[in-house]
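Here the structure is laid out as C-alpha cells; the discussion comes afterwards.
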Amino acid sequence: MLRRAKAVLFTFLMIWPLTAIPQQIQRGKIKLGINVLLSENMDLLKGKRIGLVTNPTGVCSNLTSTIDTLNMRPDVNLVALFGPEHGVRGDRYAGQKISSYTDEKTGLPVWSLYGKTKKPTPIMLHDIDLLIFDMQDIGSRAYTYIYTMARTMEAAKENNIPILILDHPDPLDGELVEGPILKPAFRSFIGLYPIPSVYGMTIGELALYFNSEFKIDADLTVIPMRGWKRAMTFAQTGLIWIPTSPHVPNVETPFYIAATGCIGELQTVNVGVGYTLPFQLVGTPWLVAADFAAELNRRHLPGVFFRPAFYRPYYSTLAGQNLQGVQIHIIDFKTFKPMLTQIHILAAMKKLYPSQQIFDQTRLAMFNKAMGTDFVLKAIQGGMTAGEIYATFENDITNFMKKRKKYLLYKE
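Residue numbers (our numbering): 1361 to 1772.
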C-alpha cells in the first residue's frame, strides 16, 4: 500500500513541478549532481537502503528538495536523514547543538551530525547500504559542511558502506586559490585538513582530495555536474542560490565571508552579522569611517571599493551600538582577492588605531583556528605589511596547486 501511494504521489510530483516552477529556473546552464544521478545513475541506488546527508541546499535544479525527490520515488528506499550544522531543514542557529529527531514531513529518522557526535556512528548506520551526501558549500575552509562530509566519509569507510557525493559548484569559481594553509596545531571542526583558506574546488573534487591525500580511503563515487566550467561563479551558473546558513543569504555572500569571516571571529569588530549586510561591513564604535575608507582605497586592492558606512547592529557583536567603518563593495568578482583584502583590513586598523585592542585575548584561539595559523596574528602585531604577509603564502599555495590538479573533475 505504501509503495503504491508513493508511486501515485511520485507521478503527481513529476508532473506538478514542470508547470508550477518557472521555466527559467529549469533551464539553468548546468545540471547538479542530483539531476545527473536521477537521469544517468539510478542503477547505483537499486536495492539499497539509503541514508542521505543533506540540508536545504540539497535540491534539484528546479529547486525541489533532494529529500522529497528521493523519498517519493517508488524505486528508491530512503531510510534515514543526517543533518549538519543548522539542521536538515535549516532551522537551527549557527553553533547550536542539535539532537536527533523525526522529520515531520517524511517521518524519517534524522540523525544529528552536529550534537553529541559530528560523525555517523555504527548505530546510526546499522541498516544503511549506501550513503549520499548532497550539500552546497561556500568555497572557504572555515565552514563546517565540508568536514561533515569528511567525517561521513570516514564513517562510511569504517562501516564498509559506499558513499556518493552529489556535486555542486564552487560559488567563488573553481580557479581562485588563496590564503594560508592550515597548520596542524590549529586543527578544528572549522579546519580539519591543511588546505588553503580558499581552495578553488567543488565539494566533489574536495572529497576526492580528502579521500586520497588524507588516507580516508572510503568507497567513494562523485556524481559530477554537467555543464559547469571552472571560471563560473555561482551567479553565472543559471542556478538559484539557496542560503547555506542564515547569514549566507545570497549568491555574493560567500565572497564577503572569505574577506571578513576571520575578522568576525574576533568579536571586537562587527562585520555586518546582526545587520542587513552580513560580512559586507567592518565597523566599531572607534573607527572613523571617512579615514578608514580612505586608507583602504589608497591601497588600490583589486576588484573592491570601500565606502564610509554608519550602522547599528540589531544583534550579535556590538549589538545596539552606533558603529562606523566601511561597506565593502566588490566591483569585479574575477579580480577580487578576499584573503588579500582581509589582511589589508586588519593591517589598516592596526596602522590607524594602534592603541585599540583589536585582538581580544579571549577570542584569539577562534581567530587563529579560522585563519588556520597564528602567523597572521603575530605578523600584524609585529608590524609586517599586508603585502609581506600575503607573499609568505605563495610557496604553500604553489605546492597545493600541484597536488590539487589530479583531483579536478572539470578541466576548463
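Even glycine gets a Cβ: it sits at the ideal position worked out from N, Cα and C.
For clarity, every value in this text was computed on a predicted model and none was experimentally measured.
What three-state label does DSSP hand K1465 in the structure shown?
Counting from 1 along the sequence shown, the entry for residue 1465 is found at position 105. K1465 falls in the coil class under three-state DSSP.
Would you mind giving the Cβ-Cβ distance between V1648 and Q1684, rounded to the nearest angstrom? I have them listed as a contact below 8 Å.
Position 288 of the sequence shown, counting from 1, holds the residue named residue 1648. Position 324 of the sequence shown, counting from 1, holds the residue named residue 1684. So it is a contact: roughly 7 Å between Cβ atoms.
The alpha helix (DSSP H) with Y1750 in it runs from where to where?
Here residue 1750 refers to the residue found at position 390 when the sequence shown is read from its first residue. First-last of the alpha helix (DSSP H) with Y1750: 1746 to 1751.
Thinking C-beta only, is K1517 closer than 8 Å to A1567?
Walking along the sequence shown from the start, residue 1567 turns up at place 207. Walking along the sequence shown from the start, residue 1517 turns up at place 157. No, these two residues do not count as a Cβ contact at 8 Å.
Among the candidates F1760, P1603, L1768, whose CA atom is the shortest distance from the CA of Y1553?
Working through the sequence shown from its first residue, we reach residue 1553 at position 193. Among F1760, P1603, L1768, the Cα nearest to that of Y1553 is on F1760.
Which same chain residues end up closer than 7 Å to A1591 when comparing Cβ atoms and leaving out the 5 residues on each side of it in sequence?
Working through the sequence shown from its first residue, we reach residue 1591 at position 231. The residues are D1533, E1535.
Please name the residue in I1390, Q1596, L1637 whose C-alpha comes closest to that of P1606.
Residue mapping note: residue 1606 aligns to position 246 of the sequence shown, counting from 1. Nearest C-alpha to P1606: L1637.
Taking the alpha-carbon of T1628 as reference, which of D1435, P1444, T1677, P1434 has the nearest alpha-carbon?
Walking along the sequence shown from the start, residue 1628 turns up at place 268. Nearest option by C-alpha distance: T1677.
Give me the residue from G1475, K1465, G1447 with the minimum Cα distance to K1457.
One-based indexing of the sequence shown puts residue 1457 at position 97. Nearest option by C-alpha distance: G1475.
For L1542, which residues of its own chain have a beta-carbon under 6 Å away from its beta-carbon, when the five flanking residues on both sides are left out?
Looking up residue 1542 in the sequence shown gives position 182. Excluding positions up to five away in sequence, the list reads G1551, P1554, G1732.
On the DSSP letters alone, give me the boundaries of the beta strand (DSSP E) that F1442 sits inside.
Here the question's residue 1442 lines up with position 82 in the sequence shown. Residues 1437 to 1443.
Hey, how far is the Cα of G1539 from the Cα of D1530?
To locate residue 1539, count along the sequence shown from 1; it is residue 179. To locate residue 1530, count along the sequence shown from 1; it is residue 170. Cα to Cα, G1539 sits roughly 16 Å from D1530.
Mind checking which residues open and close the alpha helix (DSSP H) that includes R1764?
As a working note, residue 1764 is residue 404 in the sequence shown. Element bounds for R1764: 1754 to 1764.
Is the number of C-beta pairs between the segment 1400 to 1407 and the segment 1439 to 1449 that are closer than 8 Å three or more?
The segment 1400 to 1407, when compared against the segment 1439 to 1449, does not touch it at the 8 Å Cβ threshold.
Would you check if there are 3 or more beta carbon pairs closer than 8 Å linking the segment 1571 to 1587 to the segment 1731 to 1746?
Judged by Cβ distances under 8 Å, the segment 1571 to 1587 makes no contact with the segment 1731 to 1746, as fewer than three pairs qualify.
Expressed to the nearest angstrom, what Euclidean distance is found between the alpha-carbon atoms of Y1767 and I1602?
One-based indexing of the sequence shown puts residue 1767 at position 407. One-based indexing of the sequence shown puts residue 1602 at position 242. When rounded, the distance between both Cα atoms is 26 Å.
P1614: buried (16+ other C-beta within 10 angstroms of its C-beta) or exposed?
In the sequence shown, residue 1614 corresponds to position 254, counting from 1. With 16 or more other Cβ atoms within 10 Å, it is buried.
Keeping to the same chain, check which residues put their C-beta closer than 6 Å to that of A1708; ignore five residues upstream and five downstream.
Here residue 1708 corresponds to residue number 348 of the sequence shown, with the count starting at 1. Hits under 6 Å: E1655, L1656.
Taking F1696 and V1664 to be in contact with their CB atoms under 8 Å, please state how far apart those CB atoms are, rounded to whole angstroms.
In the sequence shown, the residue the question calls residue 1696 occupies position 336. In the sequence shown, the residue the question calls residue 1664 occupies position 304. Contact holds; Cβ gap of about 6 Å.
If you run the structure through DSSP and keep just helix, strand and coil, what is A1669?
Position 309 of the sequence shown, counted from the start, is the residue given in the question as residue 1669. Note: A1669 maps to strand in three-state DSSP.
Kindly identify the DSSP beta-bridge partner or partners of R1586.
As a position in the sequence shown, residue 1586 is number 226, starting the count at 1. Per DSSP, K1391.
Pick from Y1569, K1589, F1594: whose alpha carbon is nearest that of V1582?
Within the sequence shown, numbered from 1, the residue matching residue 1582 stands at position 222. Ranking the options by Cα distance to V1582, first place goes to Y1569.
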